[in-house]
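Student: Take this structure first; my questions come after.
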Amino acid sequence: MEEKKILIIEDEKPIADILKYGFEKEGFLVQCACTGGEGFAMAQKEQPHLALIDWMLPDISGVDVCRMLTEAYTMPIIMLTARGAMEDKLYGLEAGADDYITKPFDLREVIARVRTILRRFDKANGKHDREQLVCGALTVLEQEHTVYVQEQLINLTPKEYELLVFFLKHPRQVFTRTTLLDRIWGYDYEGDTRTVDIHVQRIRKKTGLDKSLVTIFGVGYKYVP
Ligand code: CA
């Protein structure tokens with residue numbers, strides 16, 4: 036996946052540090068600014084993919100920074116604030132913010148929201164014409180061969196991945212274990228049908244699709260979205 040650049044404009048160092056640590060751990064490139072002016076200059080220079088802006092900054096208000104940035108560039112913005120009032124939220128969204136996160140926040144939630152917004156933004160801009168398969172909290176990005184459950188990357192083996200994608204593309208159809216073996220493993224595969232059971236069990240466990248990957252007793256499996 037392309038490395039995404041995130042700009043954090045936040046004067047409270049401990050908060051900026053937590054965000055920087057969290058995003059870097061997830062493979063983002065992170066830049067931090069402590070004032071609105073510094074943040075705006077950095078945005079011009081670095082052209083980040085997304086900006087996280089604190090509402091209360093020492094020089095100019097975060098909302099003003101947000102307005103300045105959205106007027107000058109097309110980049111998604113998330114406002115951070117300790118203020119939870121609905122008017123503030125609307126005010127922030129009116130200034131062009133795409134989302135609004137109230138402090139104290141859960142780091143995983145911030146990362147999840149950033150991912151969602153970036154994906155939506157890329158899609159809207161046609162940057163990646165990606166095939167997406169979605170089932171509840173599960174998303175498969177086919178071009179990238181990646182599977183996410185609630186924005187968390189899930190590690191599947193190549194066969195688990197193929198089997199999952201096969202089910203997602205054939206909803207409500209019942210497949211026997213033999214058919215699945217033929218389709219996913221190929222006709223000359225030497226293993227037996229228990230291979231299919233083991234893979235289905237692993238997919239259920241890893242993705243949480245227990246209810247959607249249904250066992251049809253005496254027949255095989257079907258996927259119910
Ligand atoms: Ca602040």
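With the numbering used here applied, the sequence shown corresponds to residues 36 to 260, in that order.
All C-beta atoms, glycine included, are put in the ideal place defined by N, C-alpha and C.
Only a predicted model underlies this, so the values are computations on that prediction, with no experimental measurement involved.
Can you round the beta-carbon distance between residue 42 and residue 76 to whole angstroms, since I take them to be within the 8 angstroms contact cut?
Tutor: As a position in the sequence shown, residue 42 is number 7, starting the count at 1. As a position in the sequence shown, residue 76 is number 41, starting the count at 1. Rounded, the Cβ-Cβ distance is 11 angstroms, inconsistent with contact.
Student: Indicate the three-state DSSP secondary structure (helix, strand or coil) for residue 183 in the structure shown.
Tutor: Along the sequence shown, one-based indexing puts residue 183 at 148. Reduced to three states, the DSSP call for residue 183 is strand.
Student: Looking at the unbroken beta strand (DSSP E) that takes in residue 204, where does it start and where does it end?
Tutor: As a working note, residue 204 is residue 169 in the sequence shown. Here residue 204 belongs to no beta strand (DSSP E); instead the alpha helix (DSSP H) covers 193-204.
Student: Please state the DSSP three-state secondary structure of residue 231.
Tutor: For this step, residue 231 is matched to residue 196 along the sequence shown. In the structure shown, residue 231 sits in a helix (DSSP, three-state: H, G or I).
Student: Could you spell out where the alpha helix (DSSP H) holding residue 101 opens and where it closes?
Tutor: Residue numbering aside, residue 101 sits at position 66 when the sequence shown is read from its first letter. First-last of the alpha helix (DSSP H) with residue 101: 97-107.
Student: Out of curiosity, what's the CA-to-CA distance linking residue 47 and residue 88?
Tutor: Taking the first residue of the sequence shown as 1, we reach residue 47 at position 12. Taking the first residue of the sequence shown as 1, we reach residue 88 at position 53. Cα to Cα, the separation comes out at about 11 angstroms.
Student: Measure from the C-beta of residue 254 to each C-beta in chain C and report whether the shortest distance is under 8 angstroms.
Tutor: This model lacks chain C altogether, as it is built from one protein chain only.
Student: Counting beta carbon pairs with one atom in the stretch 239-253 and one in the stretch 145-153, are three or more of them shorter than 8 angstroms?
Tutor: With a cut-off of 8 angstroms, the stretch 239-253 and the stretch 145-153 do not count as touching, because too few Cβ pairs lie within range.
Student: Is DSSP giving residue 126 helix, strand or coil here?
Tutor: Counting from 1 along the sequence shown, the entry for residue 126 is found at position 91. Residue state, collapsed to three classes: helix.
Student: Quick check on the burial criterion: 16 or more other C-beta atoms within 10 angstroms. Buried or exposed for residue 113?
Tutor: Within the sequence shown, residue 113 is the residue found at index 78, counting from 1. The residue is buried, with at least 16 neighbouring Cβ atoms inside 10 Å.
Student: If you measure between the beta carbons of residue 207 and residue 246, is that distance less than 8 angstroms?
Tutor: Numbered from its first residue, the sequence shown carries residue 207 at position 172. Numbered from its first residue, the sequence shown carries residue 246 at position 211. Taking 8 angstroms as the Cβ cut-off, residue 207 and residue 246 do not qualify as a contacting pair.
Student: Tell me which same chain residues have a C-beta within less than 8 angstroms of the C-beta of residue 209, skipping the five on either side of it?
Tutor: Looking up residue 209 in the sequence shown gives position 174. Excluding residues within five positions, the ones whose Cβ falls inside 8 angstroms are 251, 254, 255, 256 and 257.
Student: So what does DSSP say about residue 36, is it helix, strand or coil?
Tutor: Here residue 36 corresponds to residue number 1 of the sequence shown, with the count starting at 1. Any reading at residue 36 must be qualified, since the residue scores a pLDDT of 49, below 50, and its modelled position is unreliable; the value itself is stated next. Coil at residue 36, not helix or strand.
Student: At which residues does the beta strand (DSSP E) containing residue 213 begin and terminate?
Tutor: Looking up residue 213 in the sequence shown gives position 178. Segment 212-215 is the alpha helix (DSSP H) holding residue 213; no beta strand (DSSP E) there.
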